[in-house]
Amino acid sequence: MPVIIKEGRFIEDPFTDAGGAFVALDQYSAAVHDREAALTGIDVPADTDPQALAGLMNSVAAIRIAFPSFADGRGFSIARKLRRMGFNGLIRAKGHVLADQYPLAIRSGFDEVEIPNDQAGRMPQSQWREALARTQNNYLDRLKHRAA
Amino acid sequence: MYAYNEFDEAFVRERVRQFRGQVEKRIDGSLTEDEFKPLRLMNGLYLQLHAYMLRVAIPYGTLDSRKMRQLAMIAEKWDKGYGHLTTRQNIQFNWPKLKDVPEMLEALADVGMHAIQTSGNCVRNVTADHFAGAAADEIEDPRPTAELIRQWSTDHPEFQFLPRKFKIAITGAPNDRAVTKAHDIGIRMVRGGAGEPGYEIIVGGGLGRSPFIGKVLREFLPKAHLLPYLEAILQVYNLSGRRDNKYKARIKILVHETGLEEIRDAVEATFERVLEEFEFPSDLLTAEIAGHFEPPEFDNTQTLAFGEALEADPVLRAFVETNVAEHKNPAYGIVTISTKPVGGTPGDVTAGQMRVIADLAERYGHDEIRISHEQNAVLPHVRKADIPTVHAALKAVGLATANVGLVSDIIACPGMDYCALATARSIPVAQEISERFHALKLEHEIGELKIKISGCINACGHHHVGHIGILGLDKAGVENYQVTLGGDATETMALGERAGPGFAADELIPALERLILAYLQLRHSREETFLAAYRRLGAEPFQAALYPEKERHAA
Numbered sequence: 013m014p015v016i017i018k019e020g021r022f023i024e025d026p027f028t029d030a031g032g033a034f035v036a037l038d039q040y041s042a043a044v045h046d047r048e049a050a051l052t053g054i055d056v057p058a059d060t061d062p063q064a065l066a067g068l069m070n071s072v073a074a075i076r077i078a079f080p081s082f083a084d085g086r087g088f089s090i091a092r093k094l095r096r097m098g099f100n101g102l103i104r105a106k107g108h109v110l111a112d113q114y115p116l117a118i119r120s121g122f123d124e125v126e127i128p129n130d131q132a133g134r135m136p137q138s139q140w141r142e143a144l145a146r147t148q149n150n151y152l153d154r155l156k157h158r159a160a
Numbered sequence: 052m053y054a055y056n057e058f059d060e061a062f063v064r065e066r067v068r069q070f071r072g073q074v075e076k077r078i079d080g081s082l083t084e085d086e087f088k089p090l091r092l093m094n095g096l097y098l099q100l101h102a103y104m105l106r107v108a109i110p111y112g113t114l115d116s117r118k119m120r121q122l123a124m125i126a127e128k129w130d131k132g133y134g135h136l137t138t139r140q141n142i143q144f145n146w147p148k149l150k151d152v153p154e155m156l157e158a159l160a161d162v163g164m165h166a167i168q169t170s171g172n173c174v175r176n177v178t179a180d181h182f183a184g185a186a187a188d189e190i191e192d193p194r195p196t197a198e199l200i201r202q203w204s205t206d207h208p209e210f211q212f213l214p215r216k217f218k219i220a221i222t223g224a225p226n227d228r229a230v231t232k233a234h235d236i237g238i239r240m241v242r243g244g245a246g247e248p249g250y251e252i253i254v255g256g257g258l259g260r261s262p263f264i265g266k267v268l269r270e271f272l273p274k275a276h277l278l279p280y281l282e283a284i285l286q287v288y289n290l291s292g293r294r295d296n297k298y299k300a301r302i303k304i305l306v307h308e309t310g311l312e313e314i315r316d317a318v319e320a321t322f323e324r325v326l327e328e329f330e331f332p333s334d335l336l337t338a339e340i341a342g343h344f345e346p347p348e349f350d351n352t353q354t355l356a357f358g359e360a361l362e363a364d365p366v367l368r369a370f371v372e373t374n375v376a377e378h379k380n381p382a383y384g385i386v387t388i389s390t391k392p393v394g395g396t397p398g399d400v401t402a403g404q405m406r407v408i409a410d411l412a413e414r415y416g417h418d419e420i421r422i423s424h425e426q427n428a429v430l431p432h433v434r435k436a437d438i439p440t441v442h443a444a445l446k447a448v449g450l451a452t453a454n455v456g457l458v459s460d461i462i463a464c465p466g467m468d469y470c471a472l473a474t475a476r477s478i479p480v481a482q483e484i485s486e487r488f489h490a491l492k493l494e495h496e497i498g499e500l501k502i503k504i505s506g507c508i509n510a511c512g513h514h515h516v517g518h519i520g521i522l523g524l525d526k527a528g529v530e531n532y533q534v535t536l537g538g539d540a541t542e543t544m545a546l547g548e549r550a551g552p553g554f555a556a557d558e559l560i561p562a563l564e565r566l567i568l569a570y571l572q573l574r575h576s577r578e579e580t581f582l583a584a585y586r587r588l589g590a591e592p593f594q595a596a597l598y599p600e601k602e603r604h605a606a
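Going down the list, the sequences are from chains A and B. Under the working numbering, the letters of the first sequence match residues 13 to 160, in that order. Under the working numbering, the letters of the second sequence match residues 52 to 606, in that order.
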């Protein structure tokens with residue numbers, strides 16, 4: 013079972029627990045025929061052009077972005093771009109995300125992170141909690157804030 | 052100069068605290084070297100050939116006496132008593148012990164310094180014209196903009212795990228001393244049609260294995276749009292840059308393979324969206340940051356003493372001729388302190404020398420010091436009347452070598468003496484060149500000549516843009532040096548062309564001697580530099596000097 017990290021805590025997957033599922037983009041329209049849109053999310057690989065999701069910004073419930081390696085930072089830009097395109101639904105990072113990267117993910121627009129169980133064993137909840145505290149007090153927010 | 056506010060202070064202290072914990076975990080074994088690596092790289096700590104190396108950021112190459120003295124203290128307390136100035140205006144300590152690094156970072160934080168983002172695939176230390184704020188040809192001081200970019204890029208959530216490292220350089224003068232066209236992004240401060248200040252944005256330059264000259268992405272960008280525009284470029288790069296091959300991962304390859312027009316369209320489309328969200332920190336830029344870069348209160352009294360001292364002392368005269376550049380205030384000069392004495396290691400400065408530089412800056416230089424990408428130190432504001440005194444003090448500690456811009460003012464990477472990537476030695480080659488031409492007593496006769504040496508194809512020594520470039524390779528276990536000719540690092544940037552087959556280490560210095568003596572024969576006059584002569588005549592007569600046997604065979 014993968015572990016979901018939300019607000020610095022390890023939880024079980026609320027989206028799938030409620031009967032939700034993630035499908036690939038090309039299966040999305042077929043999937044929402046069979047199930048509620050609110051329970052259907054889209055799985056996107058790291059090489060996704062966020063523009064391909066432009067038509068779904070108001071309808072899709074959740075988008076799960078893959079992190080094949082912690083060194084591959086494309087997901088941060090995909091999330092930020094989706095937020096800029098007006099997406100207000102759930103965004104989840106899935107894969108090799110390190111606890112030290114958690115603040116970056118939150119600040120880029122992610123709501124939560126999904127990591128494999130073995131990784132959760134090596135990086136316990138305390139590390140994620142501690143990392144979350146570093147989300148505040150950053151240069152970018154300060155620059156934007158000071159401008160207002 | 053920029054002084055940390057409470058926010059900067061708290062941010063840097065928190066990073067030191069985090070890193071201290073990570074080092075403890077590494078030492079007690081709970082972190083493996085593999086897991087520790089990305090964490091240490093975020094704090095400028097490399098593992099080199101023989102030891103760890105700590106690279107300390109000197110933002111846009113600007114520091115003061117307090118910072119310089121602290122670097123001297125760090126060099127003595129935790130290293131071997133010296134530091135190494137780099138081509139990105141940073142300073143490296145080559146022999147720290149892992150357990151001491153948190154203390155070193157703490158000592159840096161005490162004076163408003165850090166090693167954040169001096170490594171890793173993120174936006175690196177922003178570099179700028181080392182004569183910024185002093186140069187006679189300057190349109191505007193680029194450092195407030197560089198500081199703004201530093202703040203924006205530090206811990207930027209989106210751009211810490213880019214396809215590859217990302218380097219930005221900025222110049223406020225038409226004469227480009229910041230090598231802007233060989234950076235991922237180069238920024239030139241320009242004026243618009245109505246005289247309004249703005250930027251020209253150059254993208255996709257770089258040296259390394261595949262050298263490219265940067266191309267103009269936007270001819271004029273209003274000042275307030277800078278950060279959203281940079282953000283757009285970085286986002287396009289982060290999403291589209293290659294990640295399948297680290298040697299093809301820089302933005303220069305993306306621009307080259309995709310085409311400038313397509314990249315421009317993508318950047319402009321993203322930029323429009325970013326603009327909607329971004330609030331411009333223009334008031335911050337103009338008021339808070341720029342306030343830190345007000346020019347010092349210049350003392351405009353001129354005296355005859357300077358002229359008289361020049362008249363009386365030929366050694367001082369030679370020093371002023373090469374090492375003092377024109378200041379925007381006629382009563383002042385910009386003094387470059389060469390770190391390249393005959394036979395020395397380019398860029399190495401001892402703790403004692405650092406303290407002398409600090410003392411001179413404090414006493415005679417409005418407390419400002421710069422580090423240049425050519426690995427020298429600069430006192431940007433010295434009253435001409437004080438230059439003889441400053442020169443004498445520098446001479447006493449071996450820092451008065453009158454060779455700036457000359458054949459021995461060489462850029463050299465650390466090479467195989469330190470670097471794990473190097474395929475050949477660089478420093479001994481630089482030392483031999485400077486010793487040879489010193490012995491020939493021809494250095495001043497030869498005039499301006501930029502030699503740049505890299506010890507492998509990653510080109511940290513900028514050999515592609517040296518008037519004479521030297522690239523050290525490994526040929527079946529033997530060092531072999533390729534020579535390129537006609538490179539240029541300035542606003543008229545050109546990549547050097549390979550002259551022919553490489554030279555063994557013992558053949559290289561005689562070949563260079565033939566080459567340079569041939570130039571002296573070929574030039575129209577003393578005013579025609581090596582580069583100008585090369586441009587006028589082409590490669591052929593220079594190749595003939597480098598490879599005389601071939602001439603004989605052809606005859």
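Note that beta-carbon positions come from the ideal geometry of N, C-alpha and C, so glycine has one too.
If you drop the 5 nearest sequence neighbours on each side, which residues of the same chain put their C-beta closer than 8 angstroms to that of residue i?
i, result
"A:L68", "Y40, I54"
"B:Q121", "A158, L159, D161, V162, M164"
"B:L588", "L573"
"B:P599", "R565"
"B:D525", "T474, A475, N531"
"B:Q353", "P381, A382, K435, A436"
Mind reading off the beta-carbon distance from residue i to residue j? Whole number of angstroms is fine, and I expect it under 8 angstroms.
i, j, result
"B:A229", "B:H424", "7 angstroms"
"B:I484", "B:I502", "6 angstroms"
"B:A300", "B:R215", "4 angstroms"
"B:K303", "B:G256", "6 angstroms"
"B:V458", "B:I497", "5 angstroms"
"B:V529", "B:A550", "Rounded, the Cβ-Cβ distance is 19 angstroms, inconsistent with contact."
"A:N150", "B:D557", "Their Cβ separation, rounded to whole angstroms, is 55 angstroms, which puts A:N150 and B:D557 out of contact at 8 angstroms."
"B:H432", "B:H417", "5 angstroms"
According to the Cβ coordinates, are residue i and residue j closer than 8 angstroms?
i, j, result
"B:A436", "B:A233", "no"
"B:I236", "B:T196", "no"
"B:V287", "B:I252", "no"
"B:E290", "A:R86", "One detail in the question is off: residue 290 of chain B reads as Leu in this sequence, not Glu. Yes, Cβ-Cβ distance for B:L290 and A:R86 is below 8 angstroms."
"B:A402", "B:T387", "no"
"B:S170", "B:L90", "no"
"A:Q137", "A:F27", "no"
"B:G456", "B:R476", "no"
"B:L199", "B:I340", "yes"
"A:R141", "A:G20", "yes"
Counting only the same chain and skipping the five closest in sequence on each side, list residues whose C-beta sits under 6 angstroms from that of residue i.
i, result
"B:I190", "G223, M240"
"B:R574", "A584"
"B:F581", "L500, H518, Y570"
"B:H276", "none"
"B:C464", "S477, S505, G506, C511, G512"
"B:W203", "L278"
"B:F144", "L105, D130, G134"
Spatial neighbours of residue i within its chain, please: CB distance less than 7 angstroms, with the 5 preceding and 5 following residues excluded, ordered by chain position.
i, result
"B:T607", "Residue 607 of chain B is absent from the model: chain B starts at 52 and stops at 606."
"B:N454", "T373, S389, K391, D460, E494"
"A:D112", "A143"
"B:L472", "C507, N509"
Are there 16 or more other CB atoms within 10 angstroms of the CB of residue i, so buried, or fewer, so exposed?
i, result
"A:E126", "buried"
"A:Q63", "exposed"
"A:M13", "exposed"
"B:E419", "buried"
"A:I118", "buried"
"B:R68", "exposed"
"B:V371", "buried"
"B:T543", "exposed"
"B:Y53", "buried"
"B:I78", "exposed"
Fill in: Minimum length 3: unbroken beta strand (DSSP E) runs contained in the stretch 337-382 of chain B
Listed in chain order, the complete beta strand (DSSP E) runs (minimum 3 residues) inside the stretch 337-382 of chain B are 375-377.
Worksheet entry | Complete alpha helix (DSSP H) runs within the stretch 167-234 of chain B (minimum length 4 residues, chain order) | DSSP runs (the alpha helix (DSSP H)) wholly in the stretch 167-234 of chain B: 194-204.
Worksheet item: Where in the stretch 457-534 of chain B do unbroken runs of the alpha helix (DSSP H), each at least 4 residues long, occur, reported from the N-terminal end onward?
Response: Counting only runs of 4+ residues, the alpha helix (DSSP H) found wholly inside the stretch 457-534 of chain B occupies 478-491, 494-497, in chain order.
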